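Structure, as structure tokens:
Protein chains: 2
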Amino acid sequence: MDIAEHQHFAWLARSFGRTDYLPLTAEDLDALGAAGEYVDKYPGTHLFKEGEESIAAYVVKAGDVELYRSRPDGDLVVGRVGPGAVIGDIALFQGAPYISSAKAVEPVTAFRLDRSKLLLLLTEHPVIAMRWLVAGLNQLEATQRHVIRLMHRTVIEQVAELILDEADRFGEVRLSQTSLANLLGSTRQTVNQALSQLRKAGAIETGYRVIRVVNRNILETLVTGSVPAL
Amino acid sequence: MDIAEHQHFAWLARSFGRTDYLPLTAEDLDALGAAGEYVDKYPGTHLFKEGEESIAAYVVKAGDVELYRSRPDGDLVVGRVGPGAVIGDIALFQGAPYISSAKAVEPVTAFRLDRSKLLLLLTEHPVIAMRWLVAGLNQLEATQRHVIRLMHRTVIEQVAELILDEADRFGEVRLSQTSLANLLGSTRQTVNQALSQLRKAGAIETGYRVIRVVNRNILETLVTGSVPAL
DNA sequence: GGAGAATCGTCACCGAAGCGACCATTCTGC
DNA sequence: GCAGAATGGTCGCTTCGGTGACGATTCTCC
Chain A
1 MDIAEHQHFA WLARSFGRTD YLPLTAEDLD ALGAAGEYVD KYPGTHLFKE
51 GEESIAAYVV KAGDVELYRS RPDGDLVVGR VGPGAVIGDI ALFQGAPYIS
101 SAKAVEPVTA FRLDRSKLLL LLTEHPVIAM RWLVAGLNQL EATQRHVIRL
151 MHRTVIEQVA ELILDEADRF GEVRLSQTSL ANLLGSTRQT VNQALSQLRK
201 AGAIETGYRV IRVVNRNILE TLVTGSVPAL
Chain B
1001 MDIAEHQHFA WLARSFGRTD YLPLTAEDLD ALGAAGEYVD KYPGTHLFKE
1051 GEESIAAYVV KAGDVELYRS RPDGDLVVGR VGPGAVIGDI ALFQGAPYIS
1101 SAKAVEPVTA FRLDRSKLLL LLTEHPVIAM RWLVAGLNQL EATQRHVIRL
1151 MHRTVIEQVA ELILDEADRF GEVRLSQTSL ANLLGSTRQT VNQALSQLRK
1201 AGAIETGYRV IRVVNRNILE TLVTGSVPAL
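Chains as they are written, first to last, in the working numbering: chain A, 1 to 230; chain B, 1001 to 1230.
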């Protein structure tokens, strides 16, 4: 796997973040209750690994999960998803091996839906299947729009948006610039240059593995100002 | 809508061609039979128009359908789909207006599924809902992969692939270079330059609204040679 | 056949960003 | 605390491709 492909997959993660994937309500989860079980995972342990036969999908209940692909030259983080995310379902429905590994980076509680039970559940509860379907198609359409948005945007605009998305409640983004670059499908140098500009503009401060948002408005102007209304 | 957005949507068409979207078998269509009806459309007539309330999805049975978006500065062709394609379903499930217009460019036979009947059908026949769901998720995954493939490829590689895809049984592509450029999300000039290179390499001949494939191997080498295996 | 529109071929210019290179800073494990 | 690894900051070079411009060719419709 060459560098470019690294960027591909990481960029993919950014483009297709699944956080908003499945808008299931509490009642839906209750209905799903009989078909699965909650599992707790300590940080560093895996929910599933790339290449394994896909036997279950997970709905993340608490904690962050890191999705990555293992490569000869190291692991490539493909995404980081939090509560509400559904992972593993694509591979599950395709009947193919998982296309990425899922590792808990915090104490994670997730709802595990075994393949056999899930298929039965969806067959017996078409409404849930419908919801899943609708969510999937929504995701498909959102993906298209997102990609359109990403296509002709400069790196600095993408960086600004990513910072806004990823900043925690203290306005801090705790990622290395290399990770940032991978998430955007760009290079460290280019991202660094974009960060420099943002720093000079007074929008952010940078440190070792930390970016602090100083002036949120500047970032928002960058993000929204140049996005054609869709 | 500016030029850049033109390219966005046309590129979208290429990226997310829905031709292979719903791999429904004959039996599936039979099962669906009771919930819809075949409609015939003369060339130039619409199956639905952008902005209209989405009241039905269509499965194209015969003939080509052109998908486009109307803009103040003219229509923008977003895609051209043939038999097997499903159109209008995203808007339908979203409960939102159609996001594009669908016009028959040939005599078209399509199977029309009304919203109310379709929802009922899927609720009563969860297997069909499941199939639709699986197809949707497959499409989502394929879309991701396709986008990855497109992202870091040069225009000439994209042009080569597009020509291979679009060439008819005579090895001819009957599209203007402007249309080609839009399909790739590029510009006419850049595409023209790529075509020049291909022409000099002896891979194609160009004419007025026609590109003839002379040496298919050259094109295929270009397409496959530089695509990292996914 | 002729006028005007559409399309094609090509050029020069320029900005965005990938890439390699180099050094400074910060962290981590011993 | 210290060595080595990881990360950050910055250059310069180069390629790709978007943009505007101009003229040549082909088509279409009287």
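By construction, the Cβ of each residue, glycine as well, lies at the ideal position given by its N, Cα and C atoms. Keep in mind the model is a prediction, meaning the values are calculated, not measured.
**Report entry** Rounded separation between A1062 of chain B and R1112 of chain B - CA only
**Finding:** Here the C-alpha atom of A1062 of chain B lies approximately 13 Å from the C-alpha atom of R1112 of chain B.
Report task. Check the C-beta distance from V105 of chain A over to D168 of chain A and give it rounded, since I have them as a contact under 8 Å. Result -> The C-beta separation of V105 of chain A from D168 of chain A comes to about 14 Å, leaving the pair out of contact by the 8 Å criterion.
Requested in this report: For chain B, find out if any of its Cβ atoms is closer than 8 Å to the Cβ of S226 of chain A; answer yes or no.
Outcome: Confidence at S226 of chain A is low in this model, with a pLDDT of 40, below 50, so the placement of that residue should be treated as unreliable; the coordinate-derived value is given next. The beta-carbon of S226 of chain A is placed no less than 8 Å from the nearest beta-carbon of chain B.
Report task. Could you check the C-alpha separation between T1221 of chain B and K1200 of chain B for me, to the nearest Å? Result -> Computed Cα separation, rounded: 16 Å.
Query raised in the report: According to DSSP, is E50 of chain A helix, strand or coil?
Result: In the three-state scheme derived from DSSP, where H, G and I count as helix and E and B as strand, E50 of chain A is classed as coil.
Requested in this report: Please work out which residues of its chain come closer than 7 Å, Cβ to Cβ, to A91 of chain A, disregarding the five sequence neighbours upstream and downstream, and give them in chain order.
Outcome: Here A91 of chain A has S54, P97, Y98, I99 as same chain residues with Cβ atoms under 7 Å from its own Cβ, once five neighbours each way along the sequence are excluded.
**Report entry** Contacting residues, own chain, Cβ-Cβ under 6 Å from G51 of chain A (five flanking each side not counted)
**Finding:** If the five residues before and after G51 of chain A are omitted, its C-beta is found closer than 6 Å to the C-beta atoms of P97, all from its own chain and listed in chain order.
**Report entry** Helix, strand or coil at S179 of chain A according to DSSP, with G and I counted as helix
**Finding:** DSSP, read as helix, strand or coil, puts S179 of chain A in helix.
Query raised in the report: How long is the line joining the alpha carbons of G1185 of chain B and I1163 of chain B, rounded to whole angstroms?
Result: Across the structure, G1185 of chain B and I1163 of chain B are spaced so that their CA atoms are roughly 15 Å apart.
Query raised in the report: Name the chain B residues that come within less than 9 Å of A85 of chain A, Cβ to Cβ?
Result: Within chain B, no residue comes near A85 of chain A; the closest Cβ sits about 14 Å away, beyond 9 Å.
Report task. My understanding is that V159 of chain A touches V191 of chain A, with C-beta atoms under 8 Å, so please give their C-beta distance in whole angstroms. Result -> With a Cβ gap of about 6 Å, V159 of chain A and V191 of chain A count as contacting.
Report task. Tell me, please, which residues DSSP counts as bridged to S1101 of chain B. Result -> According to DSSP, S1101 of chain B bridges with B:Y1068.
**Report entry** Helix, strand or coil at D1089 of chain B [DSSP, three-state]
**Finding:** Judged by DSSP in its simplified three-state form, D1089 of chain B adopts helix.
Query raised in the report: Which stretch, first to last residue, makes up the alpha helix (DSSP H) that contains E1124 of chain B?
Result: Run containing E1124 of chain B: 1115-1124, per the alpha helix (DSSP H) assignment.
Query raised in the report: Between Y38 of chain A and L47 of chain A, which are expected to be in contact by the criterion C-beta below 8 Å, what is the C-beta distance as a whole number of angstroms?
Result: Actually they do not touch by this definition, with Cβ atoms about 12 Å apart.
Query raised in the report: So, is L1121 of chain B buried or exposed, given that buried needs 16 or more other C-beta atoms within 10 angstroms?
Result: Buried, since its Cβ has 16 or more Cβ neighbours within 10 Å.
Requested in this report: Can you give me the start and stop residues for the alpha helix (DSSP H) that A160 of chain A sits inside?
Outcome: Its alpha helix (DSSP H) spans residues 155-166.
Query raised in the report: Quick one, are the C-beta atoms of T1206 of chain B and L1219 of chain B less than 8 Å apart?
Result: No, they are not a contact pair.
Query raised in the report: At least one CB of chain A closer than 8 Å to the CB of A1181 of chain B: is that the case?
Result: Output row for A1181 of chain B: interface = no.
**Report entry** Spatial distance of R1188 of chain B from L133 of chain A (CA atoms)
**Finding:** A direct Cα-to-Cα measurement between R1188 of chain B and L133 of chain A gives close to 38 Å.
Requested in this report: Go ahead and label P107 of chain A buried or exposed: buried means 16 or more other beta carbons lie within 10 angstroms of its beta carbon, across all protein chains shown.
Outcome: Burial call: exposed.
Query raised in the report: Using the C-alpha atoms, what's the distance from S176 of chain A back to Y1068 of chain B?
Result: Here the C-alpha atom of Y1068 of chain B lies approximately 42 Å from the C-alpha atom of S176 of chain A.
Query - Member of A:M130, A:D40, A:H125, A:I87 whose CA lies at the smallest distance from the CA of K49 of chain A - result: Comparing Cα positions, the closest option is A:I87.
Requested in this report: Please name the residue, chosen from A:A56, A:N215, A:Q193, A:T143, that lies closest to A203 of chain A on a Cα-to-Cα basis.
Outcome: When only C-alpha atoms are compared, the closest one is A:N215.
Report task. From the DSSP output, in three-state form, read off T1045 of chain B for me. Result -> The three-state secondary structure of T1045 of chain B, taken from DSSP, is coil.
Query - Straight-line gap, A1035 of chain B to D89 of chain A (C-alpha atoms, nearest Å) - result: Those two C-alpha atoms are separated by around 29 Å.
Query raised in the report: How many angstroms separate the CA atom of R209 of chain A from the CA atom of T1143 of chain B?
Result: Roughly 33 Å between the two C-alpha positions.
Report task. Using DSSP bridges, identify the partner residues of I1211 of chain B. Result -> Among the bridge pairs identified by DSSP, I1211 of chain B is matched with B:V1173, B:T1206.
Query raised in the report: In angstroms, rounded to a whole number, what distance separates the CA positions of R1131 of chain B and Q94 of chain A?
Result: Computed Cα separation, rounded: 11 Å.
Query raised in the report: Using a Cβ-Cβ cut-off of 8 Å (strictly less than) and excluding sequence neighbours within five positions of T1123 of chain B, which residues of its own chain qualify?
Result: Taken in chain order, the residues that qualify are A1129.
Query - Alpha-carbon spacing of A85 of chain A relative to A31 of chain A, whole angstroms - result: Per the coordinates, the alpha-carbon of A85 of chain A lies some 18 Å from the alpha-carbon of A31 of chain A.
Query raised in the report: What residues are listed by DSSP as bridge partners for E37 of chain A?
Result: Answer by DSSP bridge pairing, in chain order: A:R112.
**Report entry** CB-CB length for P83 of chain A against V60 of chain A, believed under 8 Å
**Finding:** Between P83 of chain A and V60 of chain A, the beta carbon gap of about 5 Å places them in contact (Cβ cut-off 8 Å).
Query raised in the report: Do A1056 of chain B and R1259 of chain B come within 8 Å of each other at the CB atom, strictly closer than that value?
Result: Here chain B covers residues 1001 to 1230 and nothing more, so residue 1259 of chain B does not appear.
Report task. Quick one: residues in its chain with C-beta nearer than 6 Å to the C-beta of A102 of chain A, no 5 flanking neighbours on either side, listed in chain order? Result -> Around A102 of chain A, the same chain offers L47, F48, V65, L67, I87 as residues with beta carbons nearer than 6 Å, after the five sequence neighbours per side are excluded.
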